[in-house]
Amino acid sequence: MSELTMDRVETNEGIKFNVTGRITTVNENFFGKKLSDALEEGFTHIVLNMREVTIMTSIGIRIILKTYKSCMEAGGKFQIEDPSEVVKNVLGLSALQQMMVG
Amino acid sequence: MVTLNIIANINNTGEVMDIVDSELDRNDFPVDLRPEILIAVEEAFVNIASYAYKPEEDGYVELSVDVDEKAVIRFTDWGEPFNPLEGNAPDLNVPIMEREIGGLGIHFIKNLMDEANYEYSGGNNILTITKNMTKKDREI
């Protein structure tokens, strides 16, 4: 029940991940590595489509915040597109609503 | 109701979430309330697994899940007395670029559940978190 997938799509502006499943301690390494790999490849404009994310705990917020900072420090952009209700809820509780688009 | 002992190790977080999820499912607890419960369960278990025992100890947590018109999840450990609910709330007014990375777990528990209570009794740390069905859910 803890499966997480991140389909990767390169766009004109940068890179987008279509994320599905749960973002928890169980798969934090997978989630974090996908994003850190994208940064290491030089992508500084990262979009996460989180429509199909069913659970996100504070470890997900921690990784998102770290990635956001890296993108901004590099003069790029980090956005969360089409968040599920669960994602909206935890981003709201974390006062990170401004990352959301769509 | 289900009660079991599990080693307080972060690697067991998925199993703990699956046990709670199964019990919610078995009792037809409203689907829309389950994600909030599971998030709070992860935060609570990870907190205990991280802080209740010394790293070299294989301490246990007793997990108890009781579901009817509310879901009551109780974590009991035998580590040092520690009330996780007393920690400072994160400062969410700080600009994002200056924000600390971390410290949100207990904040989530307090805000996603209807009740969160801690007691220390007979050498046990007992953390109980509760989610109530809504009135609308009870009428279905």
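So the protein sequences, as listed, match chains B and V. All residue numbers for the first sequence refer to this note's numbering, where the first residue is 11 and numbers rise by one. All residue numbers for the second sequence refer to this note's numbering, where the first residue is 4 and numbers rise by one. Where a beta carbon is used, it is the ideal one built from N, C-alpha and C, also for glycine. Computed from a predicted model, the values in this text were never measured in an experiment.
- In its chain, beyond the 5 residues on either side, 133 have a beta carbon closer than 6 Å to the beta carbon of residue 118(V).
- Taking 7 Å as the cut-off, the beta carbon of residue 16(B) is found closer than this to the beta carbon of residue 29(B).
- Closest in C-alpha terms to residue 86(B), from the list 94(B), 93(B), 77(B) and 92(B), comes 77(B).
- Residues of the stretch 61–91 of chain B with a C-beta atom less than 7 Å from some C-beta of chain V are 64, 65, 67, 68, 71, 72, 75, 76, 78, 79 and 82, listed in chain order.
- Taking a C-beta cut-off of 7 Å against chain B, the contacting residues of the stretch 42–66 of chain V are 42, 45, 46 and 49, listed in chain order.
- Distance between residue 4(V) and residue 101(V), taken at the CA atoms: about 44 Å.
- Boundaries of the beta strand (DSSP E) around residue 69(V): 63–70.
- Put simply, the CB of residue 36(B) is near chain V, with a gap under 7 Å to one of its CB atoms.
- The C-beta distance from residue 11(V) to residue 51(V) rounds to 5 Å, short enough to fall under 8 Å.
- When rounded, the separation of the alpha-carbon atoms in residue 126(V) and residue 63(V) is 13 Å.
- With contacts defined by Cβ atoms closer than 7 Å, residue 63(B) and residue 97(B) form a contacting pair.
- DSSP, reduced to helix, strand and coil, places residue 54(V) within a helical segment of the structure shown.
- Three or more beta-carbon pairs separated by less than 8 Å are not found between the stretch 32–39 of chain V and the stretch 77–96 of chain V, which leaves the two stretches without contact.
- In this structure, the alpha-carbon of residue 73(B) lies about 16 Å from that of residue 111(V).
- Look at residue 104(V) here: in three-state DSSP terms it is coil, with no helix or strand label.
- For residue 20(V), the uninterrupted alpha helix (DSSP H) run begins and ends at 16–29, by DSSP.
- Scanning chain V for C-beta atoms nearer than 9 Å to the C-beta of residue 96(B) yields 38, 39 and 42, reported in chain order.
- Distance from residue 90(B) to residue 110(B) at the Cβ level is roughly 5 Å; contact confirmed, criterion being Cβ atoms closer than 8 Å.
- The Cβ neighbour count for residue 89(V), taken over all protein chains shown within 10 Å, is under 16; the residue is labelled exposed.
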